[in-house]
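Asker:
Protein chains in written order, with the numbering used here: chain A, 1 to 487; chain B, 1001 to 1225; chain C, 2001 to 2314.
1. What number of angstroms, rounded off, separates the C-alpha of residue 216 of chain A from the C-alpha of residue 207 of chain A?
2. On the criterion of 16 or more Cβ atoms from any shown chain inside 10 Å, does residue 431 of chain A qualify as buried, or is it exposed?
3. Looking only at its own chain, which residues have a Cβ that is under 7 Å from the Cβ of residue 481 of chain A, when we skip the five neighbours before and after it?
4. Which residues share a DSSP beta bridge with residue 1032 of chain B?
5. Less than 9 Å between CB atoms is the rule here; does residue 1204 of chain B satisfy it with respect to chain A?
6. Identify, in the order they occur along the chain, each residue of the same chain with its Cβ nearer than 7 Å to the Cβ of residue 101 of chain A, setting aside the five sequence neighbours on each side.
7. What residues in its chain sit with their C-beta under 6 Å from that of residue 2296 of chain C, if we drop five residues either side in the sequence?
8. If we call anything under 9 Å between Cβ atoms a contact, is residue 2068 of chain C one with residue 2219 of chain C?
9. Excluding the 5 residues preceding and the 5 following residue 2129 of chain C in the sequence, name in chain order all residues of the same chain whose CB lies nearer than 8 Å to its CB.
10. Counting only beta-carbon separations shorter than 9 Å, does residue 1054 of chain B have a partner in chain A?
11. Considering only C-alpha positions, which residue in the set A/27, A/191, A/428 is nearest to residue 86 of chain A?
12. For residue 2013 of chain C and residue 2109 of chain C, what's the separation of their Cα atoms in angstroms?
13. If residue 201 of chain A and residue 269 of chain A are in contact, beta carbons under 8 Å, what's the gap, nearest whole angstrom?
14. Looking at residue 234 of chain A and residue 1217 of chain B, is the spacing between their C-beta atoms short of 9 Å?
15. Would the beta-carbon of residue 126 of chain A fall within 9 Å of that of residue 1079 of chain B?
16. Return no unless some Cβ of chain B is closer than 9 Å to the Cβ of residue 2136 of chain C.
17. For the alpha helix (DSSP H) containing residue 144 of chain A, name the first residue and the last one.
18. What did DSSP end up calling residue 2207 of chain C once you bin it into helix, strand or coil?
19. Determine whether the beta carbon atoms of residue 97 of chain A and residue 167 of chain A lie at a separation below 9 Å.
20. Where are the alpha helix (DSSP H) runs, 4 residues long or more, that stay fully inside the segment 317-369 of chain A, in chain order?
21. When Cβ atoms are compared, which residues of the segment 1157-1174 of chain B fall closer than 8 Å to chain C?
22. Check for me: the alpha helix (DSSP H) holding residue 11 of chain A runs from which residue to which?
23. In three-state DSSP terms, what is residue 1005 of chain B?
24. Write down the C-beta distance between residue 1132 of chain B and residue 1029 of chain B rounded to the nearest angstrom, noting that I regard them as a contact closer than 8 Å.
25. By alpha-carbon positions, which one of A/360, A/136, A/425 ends up nearest to residue 300 of chain A?
26. Is the shortest distance between the beta-carbon of residue 1187 of chain B and the beta-carbons of chain A less than 9 Å?
27. Is there a Cβ from chain B that is less than 9 Å from the Cβ of residue 2192 of chain C?
28. Could you give the DSSP three-state label for residue 2281 of chain C: helix, strand or coil?
29. Please report the distance separating the alpha-carbon of residue 1069 of chain B from that of residue 1062 of chain B.
30. According to DSSP, is residue 63 of chain A part of a helix, a strand, or is it coil?
31. Counting only runs of 4+ residues fully inside the segment 245-322 of chain A, write out the alpha helix (DSSP H) ranges in chain order.
32. Short of 7 Å in beta carbon distance, which residues of its chain neighbour residue 3 of chain A, apart from the five on each side in sequence? Order them along the chain.
33. Pick out whichever of B/1211, B/1113, B/1192, B/1120 has its Cα sitting closest to the Cα of residue 1076 of chain B.
34. Report the CB separation of residue 2089 of chain C from residue 2032 of chain C in whole angstroms; it is logged as a contact under 8 Å.
35. Give me the DSSP bridge partner(s) of residue 56 of chain A.
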């Protein structure tokens, strides 16, 4: 359990540390070290869980089970690789005069603050604290979205702040209803403890829980970026600094979905039906299709990929909604593959935008000629995210499709259609960017593409053969969520 | 069950619920910012009283702390901050012309009915009193959203945002006599940070568009043009 | 015996009404740093006016000369049905809220007619304004009154008061709204700030004063007295319906004295509050009055709704 406390403690120290010396020369490296330390702590935590099963801290404040522990490790991993990328990136931005030292302080301090909020969402056993941490994540990132202080950035941040704040308020109302249902059956002290609630889920009033779930889905769904609550997402992704886009897409959306799945488990226990799942399927499918169509109309490269994030979150929500072991397994796999791929893509896109000096796709051309590393990175990332074999996204999407055929065969054509539309939408934009004529005077820049390579290699590995321990892990998590083993 | 058969605490809670609902309607139709802020502070005061009442009737000491926090945050700090912004921007004489005030009020009323409809299943498991109190708090939340939709000033948006928080807080007080202490402290902390961030944002928005009219922030589009 | 007390109560009403407006004026003077006139000043004014010969315009018809008497008697009749110090009276049992509203409307009708009768510009203007305001105020008042009568399941004032008394201390959301609505209506109907200013004859803003501009002598005395009665009636209504404690439920001498003291105290406090409000608030533009009254209506409506939703049994 010490490891779990460490996971929370290290970023907490990080906030204070960077708030004081976030402007110094080697801060990027220090930030990397902080994240590496946290990753080490999470790995230790994971080993603990692997050996001893579910861990509950004293007072049932924290819980680490096979479902969240892999998300914790994933969070720490993406946090680390993005930190590796962000050091030189932010240095470059500072040299271009887009940032001041004071804002760098804010950036590094809030980076750690965001990580803390993410870990807290994952490890807490208290549904109320989960909400607080989720709101905390918004508050930590809102200043980062507006970091460049351009009118667009401020507008995006304001939209993000208001929409997410209002949205997530609904989740608090849901949590209050849940608490109301819980105090009726027992001890008020543990009435919001997820593990206690799950044990007594059968006794909770199903009517109240149904209403509560609707509110939680709307609330956390705003954070996931489900259509029609997604408006903040492309703006926040496109106007903030690129490392921020990478962690928002790779982590925040996942954690919001995690909160929804946790709530769904309680509701399923109480209602003994899949009503929560059906709701998730509707919203997931809608987000998936709408986002796939919107991909075609984008002009900003970061907006393009943020719509792709909405699309993939839709797939995951849909898969969790179907609910069987296979679909759940697929959703977990998709979560991992998407997080890794999408953060790799945002890192590459960040470099591409710095190279071309713009985010407008019309003016980014000929990457593969100017700097083959970036060109190939972007191409491979796009191939991976579009769901080409042999990458991991293909495997998970394929599994989702199989699960859909199995449970709701009439939805499978829609799913296939969406995948096709999204594929076309991505490639019509990316093809000229990678292969087109390079503009004159476009010069290579100093880049660090190790994070991208590692991420893509991992996704490839996931696609070719899921390693045994990971498959094992996913199976355990699937057992926990859906109640039976996959396959 | 008739109201005469309820104990005094329940009667008081119901009266508070009615008044809190009224303040939400008052805010909805208010075009002057300073009055809007004043009504918001009034709502905060009602909330403080309700919390103190709940604390007194259940003899629960941590509720006194949250009553105090509400008093400091929502009756004093946030209204003070907003008021200062409005005076600094010299907006206190502007009257925002609300488009179609009647339709707005009718929408508000139908939202109230809607929240009764949504929460109606609750009546099966508990008293009608609980339904009333919860429905009023949900409608405060929804009216807060309507306020944000109908007003253009960033200050009004913040008031709407905070009144949504008020509605949630009221729900927590009446339905469950408050949340666990750690959650309440966390929520209060979030509200405080949000208020400070809003202050920073006013500064940035003013610097970027030289006004606090949110409608003038229109550079970003769903689909690029 | 009962009838005697009923007559005495009505007499008290009529006799004390000028005192109440004197008290109100006194409070206002105190708040505004002015030297207050004696509490007996309204009586002196009335006596002075009654002694004087009224001057009647040549064009005036019988309506003009009869109206003061009609208005005054309507108010006295209204006073006779409102329980002042005791609820247990034969007159109060015979008449109810709707009759009361009817008396008010009757008096107002003749006042407006009288304003039009002489054919001066100001009179017509005042009448039209008065009718505008009252047409807006009446629904609000009825809404508030219906909320009360629904709670007590009767439109009889005395029974309603007794109902509230017997129930003991019950906090009703609907009563809170109805109280506010009724206070707003009362302010509008009795022509106080912020709707009308009883202290000026400013041509652009006056309403009540415009209608009675042509009156003089004993006619004017009666109309002034009637409007003082109206103020007191509204005060007693608000005080006795929402806070009926102290009113005599039986006809003992002790109970009656207590009842008198209680209502005197309540009215004194109410008027002091009104004076404070009148000092703090500025008179609003005539065209804003409809906003003010629709707000009163909204309050009345909310009171009704919260009675149905929050309080009724299901």
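For each residue, glycine too, the CB sits at the ideal point set by N, CA and C.
Answerer: A quick look at the data gives this:
1. On the first chain, residue 216 of chain A is found 216 positions in, with the first residue counted as 1. On the first chain, residue 207 of chain A is found 207 positions in, with the first residue counted as 1. C-alpha separation (whole angstroms): 14 Å.
2. Numbered from its first residue, the first chain carries residue 431 of chain A at position 431. It is exposed - the Cβ of residue 431 of chain A has fewer than 16 other Cβ atoms within 10 Å.
3. Counted from its first residue, the first chain places residue 481 of chain A at position 481. These residues qualify, in order along the chain: 67, 261, 265, 328.
4. As a working note, residue 1032 of chain B is residue 32 in the second chain. According to DSSP, residue 1032 of chain B bridges with B/1095.
5. Within the second chain, residue 1204 of chain B is the residue found at index 204, counting from 1. It does: the Cβ of residue 1204 of chain B has a partner Cβ on chain A nearer than 9 Å.
6. Here residue 101 of chain A corresponds to residue number 101 of the first chain, with the count starting at 1. Cβ within range, chain order: 23.
7. Start at 1 with the first residue of the third chain, and residue 2296 of chain C comes out as number 296. 2140, 2181, 2184, 2185.
8. Your numbering for residue 2068 of chain C matches position 68 in the third chain. Your numbering for residue 2219 of chain C matches position 219 in the third chain. Contact flag set, yes.
9. The count along the third chain starts at 1 and reaches residue 2129 of chain C at position 129. Contacts found: 2207, 2210, 2286.
10. Sequence index remark: in the second chain, residue 1054 of chain B carries index 54 (1-based). False, the Cβ-Cβ gap to chain A never drops below 9 Å.
11. Looking up residue 86 of chain A in the first chain gives position 86. Considering only alpha carbons, the answer is A/27.
12. Translated into the one-based positions of the third chain, residue 2013 of chain C becomes position 13. Translated into the one-based positions of the third chain, residue 2109 of chain C becomes position 109. Their backbone Cα atoms lie some 23 Å apart in a straight line.
13. Residue numbering aside, residue 201 of chain A sits at position 201 when the first chain is read from its first letter. Residue numbering aside, residue 269 of chain A sits at position 269 when the first chain is read from its first letter. Indeed, because the Cβ distance is near 3 Å, the residues count as touching under 8 Å.
14. Numbered from its first residue, the second chain carries residue 1217 of chain B at position 217. Numbered from its first residue, the first chain carries residue 234 of chain A at position 234. Not in contact: residue 1217 of chain B and residue 234 of chain A (Cβ atoms no closer than 9 Å).
15. By 1-based counting over the first chain, the position of residue 126 of chain A is 126. By 1-based counting over the second chain, the position of residue 1079 of chain B is 79. No, they are not a contact pair.
16. Numbered from 1 along the third chain, position 136 holds the residue referred to as residue 2136 of chain C. So, not an interface residue.
17. One-based indexing of the first chain puts residue 144 of chain A at position 144. It spans 127-145 - the alpha helix (DSSP H) in which residue 144 of chain A sits, taken as one unbroken run.
18. Indexing the third chain from 1 puts residue 2207 of chain C at position 207. In the structure shown, residue 2207 of chain C sits in coil (DSSP, three-state: anything other than H, G, I, E or B).
19. For the purposes of this step, residue 97 of chain A is identified with residue 97 of the first chain, where counting begins at 1. For the purposes of this step, residue 167 of chain A is identified with residue 167 of the first chain, where counting begins at 1. No, they are not a contact pair.
20. 325-356
21. none
22. The residue you call residue 11 of chain A lines up with position 11 of the first chain. That run of the alpha helix (DSSP H) goes 2-21.
23. Position 5 of the second chain, counted from the first residue, corresponds to residue 1005 of chain B. Note: residue 1005 of chain B maps to helix in three-state DSSP.
24. By 1-based counting over the second chain, the position of residue 1132 of chain B is 132. By 1-based counting over the second chain, the position of residue 1029 of chain B is 29. Incorrect: roughly 23 Å between the Cβ atoms, too far for contact.
25. The count along the first chain starts at 1 and reaches residue 300 of chain A at position 300. Comparing Cα positions, the closest option is A/360.
26. Numbered from 1 along the second chain, position 187 holds the residue referred to as residue 1187 of chain B. With 9 Å as the cut-off, residue 1187 of chain B counts as an interface residue toward chain A.
27. For the purposes of this step, residue 2192 of chain C is identified with residue 192 of the third chain, where counting begins at 1. Answer no: the Cβ-Cβ gap between residue 2192 of chain C and chain B never drops below 9 Å.
28. By one-based count along the third chain, residue 2281 of chain C stands at place 281. Coil at residue 2281 of chain C, not helix or strand.
29. If you number the second chain from 1, residue 1069 of chain B lands on position 69. If you number the second chain from 1, residue 1062 of chain B lands on position 62. Taking the straight line joining both Cα atoms gives about 11 Å.
30. As a working note, residue 63 of chain A is residue 63 in the first chain. Looking at residue 63 of chain A - three-state DSSP - the assignment turns out to be strand.
31. 253-271, 275-294, 301-322
32. By 1-based counting over the first chain, the position of residue 3 of chain A is 3. Here the set comprises 41, 44, 45, 48.
33. Indexing the second chain from 1 puts residue 1076 of chain B at position 76. The shortest Cα separation from residue 1076 of chain B among B/1211, B/1113, B/1192, B/1120 belongs to B/1192.
34. Here residue 2089 of chain C refers to the residue found at position 89 when the third chain is read from its first residue. Here residue 2032 of chain C refers to the residue found at position 32 when the third chain is read from its first residue. Not confirmed; about 39 Å, so no contact.
35. On the first chain, position 56 is the one that residue 56 of chain A refers to. DSSP lists A/63 as partners of residue 56 of chain A.
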